[in-house]
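Engineer:
In full-length UniProt numbering, the protein residues as written are 1 to 130.
1) Can you say whether residue 46 is buried or exposed, counting buried as having 16 or more other CB atoms within 10 angstroms of its CB?
2) For residue 63, report the span of its alpha helix (DSSP H) as first-last.
3) What three-state label does DSSP hand residue 83 in the structure shown?
See below:
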């Protein structure tokens, strides 16, 4: 009985960790990592933000000729969508208000996790007392 309750609560805590992290990486047998596509629209946006930041970092490390070679491989339709999105969504160099939503959600999730940890502790003490 104690083992079942502990296992369920441990699984809930792991799930909360995954939610707070935004996504979990899957390692395939060939050593390549992939992010699971989150089910929440907030998590999908967060994943897109991480991908954009990764792209920025890679572009900063590339030489000019490498960037040009990469650009030639991107379909025009993809480039057009990205350009349109950035031009329409940017206000003074920042996305309007999106960071606040994520910070509030992250704070709520961290509080929920702390509550679950406390519940695990209380339930464990109760089971041990029996």
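From the three backbone atoms N, C-alpha and C, an ideal C-beta is built for every residue, glycine too.
Structural biologist: To lay it out plainly:
1) By one-based count along the chain shown, residue 46 stands at place 46. By the 16-neighbour rule on beta-carbons within 10 angstroms, residue 46 is buried.
2) Here residue 63 corresponds to residue number 63 of the chain shown, with the count starting at 1. Element bounds for residue 63: n/a, residue is neither H nor E.
3) Within the chain shown, the letter at position 83 stands for residue 83. Residue state, collapsed to three classes: helix.
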